[in-house]
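Position one of the sequence shown corresponds to residue 39 (our numbering), numbered consecutively onward.
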Amino acid sequence: MVSQRTVGVIAVDVFGQPADYDELRAVTESSGLWLVEDAACALGATYRGRPAGSVADLAAFSFHGRKGATAGEGGALVAPGLDGLDRARVLHTYGSEPAYGRAVSAVATPTFSEIGFNYRLSEIQAAMMRVQLDRLPELLGARSAAAAAYADLLGDLEQVTLPTALPDRTHPWQAYVLTLERWFDRDAVAIALRERGVGCTFGTFASHLLPVYSSREDCPISADLFRRHLAVPMHANLVEDDVAYVAETIRSVLSLDLVRADSS
Numbered sequence: 039m040v041s042q043r044t045v046g047v048i049a050v051d052v053f054g055q056p057a058d059y060d061e062l063r064a065v066t067e068s069s070g071l072w073l074v075e076d077a078a079c080a081l082g083a084t085y086r087g088r089p090a091g092s093v094a095d096l097a098a099f100s101f102h103g104r105k106g107a108t109a110g111e112g113g114a115l116v117a118p119g120l121d122g123l124d125r126a127r128v129l130h131t132y133g134s135e136p137a138y139g140r141a142v143s144a145v146a147t148p149t150f151s152e153i154g155f156n157y158r159l160s161e162i163q164a165a166m167m168r169v170q171l172d173r174l175p176e177l178l179g180a181r182s183a184a185a186a187a188y189a190d191l192l193g194d195l196e197q198v199t200l201p202t203a204l205p206d207r208t209h210p211w212q213a214y215v216l217t218l219e220r221w222f223d224r225d226a227v228a229i230a231l232r233e234r235g236v237g238c239t240f241g242t243f244a245s246h247l248l249p250v251y252s253s254r255e256d257c258p259i260s261a262d263l264f265r266r267h268l269a270v271p272m273h274a275n276l277v278e279d280d281v282a283y284v285a286e287t288i289r290s291v292l293s294l295d296l297v298r299a300d301s302s
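Spelled out as structure tokens, the structure:
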């Protein structure tokens, strides 16, 4: 909902699949708002033929270890025009202009115009990321193959809903997240999988439930999905036997009928 307090929209590419940017752009342009793409998981994705990171006024990528290409940690901001990056460059370097932009003099003394942060990517991480970007098609291809194998091996299960790739965009498969039926105890399922050697975790947060936000809003869909999402192994080094073992183990665990205490 757009109100008088709304200044912009941040859209999240959940698990890497781009959000509905044409629809969002229509809202933001008609209301004079900025649009930011949270593309943390979306490196290599496309939206209607356009690469993730190019469909909003500003976009942010993450290079965390679980992402499709990684420098171990850190990230990057991108923008179609340089104007959106000027202040970010100041903020990420303690509140001063980065060294490469300062005037050349005998002693190029930085000027601190505001309180900033130390958000710079190290040169070592940048070098790692350059190599990762060269390998991006290979890395995304491996993830796509693993996702296709999961869909083939688990597609007939009635106890779960599998993730899908929308036809007008490319999914980078940063994560492979199952949605369990409501009667399952997601945590009990996760424990059983881990006991059998299959790493797994929740899908994503329901932010309004986190103490830091202290939200009084009732967001039943987010809360429900948070309780039911289960992320199973997804990375570029999965081989056919790995995927087969994960799928077989999921079938076995779900047959245990690990129900929630309040499912009745």
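Ideal placement from N, C-alpha and C gives every residue a C-beta, glycine not left out.
- Query: Leaving out five residues before and five after G112 in sequence, what residues of the same chain have Cβ atoms less than 7 Å from its Cβ?
  - Reply: If you number the sequence shown from 1, residue 112 lands on position 74. Cβ neighbours of G112 beyond the five flanking positions: F101, L159, Q163.
- Item | Closest residue to H273 among V284, S41, F264 (Cα-Cα distance) | The residue labelled residue 273 in the question sits at position 235 within the sequence shown. By alpha-carbon distance to H273, the top candidate from V284, S41, F264 is V284.
- Taking 8 Å as the cut-off, decide whether the C-beta atoms of Y110 and V74 are in contact. The sequence position of residue 110 within the sequence shown is 72, counting from 1. The sequence position of residue 74 within the sequence shown is 36, counting from 1. Note on residue identity: the sequence assigns Gly, not Tyr, to residue 110. Taking 8 Å as the cut-off, the Cβ atoms of G110 and V74 do not count as close.
- With a CB to CB cut of under 8 Å and the five nearest residues on each side skipped, what residues in its chain are close to T44? Position 6 of the sequence shown, counted from the start, is the residue given in the question as residue 44. S69, L71, listed in sequence order.
- Message: Please list the terminal residues of the continuous alpha helix (DSSP H) segment that includes A64.
- Response: Here residue 64 refers to the residue found at position 26 when the sequence shown is read from its first residue. For A64, the enclosing alpha helix (DSSP H) covers residues 59-69.
- Query: What are the start and end residues of the alpha helix (DSSP H) that includes Y188?
  - Reply: Your numbering for residue 188 matches position 150 in the sequence shown. Per DSSP, Y188 belongs to the alpha helix (DSSP H) from 174-192.
- Whole-angstrom distance between D262 and Y251, CA atom to CA atom: As a position in the sequence shown, residue 251 is number 213, starting the count at 1. As a position in the sequence shown, residue 262 is number 224, starting the count at 1. Distance between the alpha carbons of Y251 and D262 is about 18 Å.
- Item | First through last residue of the beta strand (DSSP E) which encompasses S100 | By 1-based counting over the sequence shown, the position of residue 100 is 62. That run of the beta strand (DSSP E) goes 96-100.
- Query: Cα separation between T84 and P56?
  - Reply: Counted from its first residue, the sequence shown places residue 84 at position 46. Counted from its first residue, the sequence shown places residue 56 at position 18. CA-CA distance, T84 to P56, rounds to 7 Å.
- Extent of the continuous alpha helix (DSSP H) to which V227 belongs: Position 189 of the sequence shown holds residue 227. Run containing V227: 224-233, per the alpha helix (DSSP H) assignment.
- Quick one: Cα of F53 to Cα of W211, how far? Residue numbering aside, residue 53 sits at position 15 when the sequence shown is read from its first letter. Residue numbering aside, residue 211 sits at position 173 when the sequence shown is read from its first letter. Distance between the alpha carbons of F53 and W211 is about 7 Å.
- Item | Reference R86; option with closest CA among F150, T217, R224, P205 | On the sequence shown, residue 86 is found 48 positions in, with the first residue counted as 1. Here the closest residue by C-alpha is P205.
- Proximity of A90 and A77 at Cβ, strictly below 8 Å: Within the sequence shown, numbered from 1, the residue matching residue 90 stands at position 52. Within the sequence shown, numbered from 1, the residue matching residue 77 stands at position 39. Contact flag set, yes.
- Identify, in the order they occur along the chain, each residue of the same chain with its Cβ nearer than 6 Å to the Cβ of A230, setting aside the five sequence neighbours on each side. Stepping through the sequence shown from its first residue, residue 230 is reached at position 192. Apart from sequence neighbours up to five positions away, the residues of its chain that approach A230 with a beta-carbon distance below 6 Å are V291, ordered along the chain.
- Item | Presumed contact (8 Å Cβ cut-off) between A226 and L296, rounded CB distance | To locate residue 226, count along the sequence shown from 1; it is residue 188. To locate residue 296, count along the sequence shown from 1; it is residue 258. Their Cβ separation, rounded to whole angstroms, is 4 Å, which keeps A226 and L296 in contact under 8 Å.
- Which runs of the alpha helix (DSSP H) fall wholly inside the segment 248-276 and span at least 4 residues, in chain order? Correct list: 258-266.
- Message: I'd like to confirm the pairing. Which residues does DSSP put opposite W72 in its beta bridges?
- Response: In the sequence shown, counting from the first residue as 1, residue 72 sits at position 34. Answer is G46.
- Query: Hey, out of I153, F150, L81, whose CA is closest to D172's CA?
  - Reply: Here residue 172 refers to the residue found at position 134 when the sequence shown is read from its first residue. Nearest to D172 by alpha-carbon distance, out of I153, F150, L81, is L81.
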